[in-house]
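Residue numbers (the working numbering): 1129 to 1216.
Glycine included, C-beta positions come from ideal geometry on N, C-alpha and C.
Single-structure report; data block below.
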Amino acid sequence: MAAFDPGLIGVSAFLGWKADQFGKLIVAAIAGFAVAVLFSWAVTAIGIPWPAPISHDGPTFFPVRIVAAFVWALVGYGVRRVARSRGA
1129 MAAFDPGLIG VSAFLGWKAD QFGKLIVAAI AGFAVAVLFS WAVTAIGIPW PAPISHDGPT
1189 FFPVRIVAAF VWALVGYGVR RVARSRGA
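Structure, rendered in structure tokens:
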């Protein structure tokens, strides 16, 4: 479930969409990961049920989250490249 965190998908895909070079996907993935972890932690701390909670006694799945952030950024980047090539 950590790979399908809505915050992770939204931020990573958006930043991947905005990236104009492949190398910027690493920055997009790190930013998406950081925002998603902070948001998930805040939501969990408030007590709202979340699909991928972050707590001190549960698994955080950081490796899964960072790989998923890169994949979602890559998806956003790829969709934008395909959309540009079809529109031109």
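Check	Outcome
Flag this pair as yes or no: are the beta carbons of R1193 and A1130 separated by less than 9 Å?	yes
Mark L1143 as exposed unless 16 or more other C-beta atoms lie within 10 angstroms of its C-beta, in which case mark it buried.	buried
Would you give the residue range spanned by the alpha helix (DSSP H) that T1172 belongs to?	1152–1174
In the structure shown, what three-state DSSP assignment does P1177 receive?	coil
Is A1147 near A1197, with beta carbons less than 9 Å apart?	no
Which term fits V1165, buried or exposed, when burial requires 16 or more other beta carbons within 10 angstroms of its beta carbon?	buried
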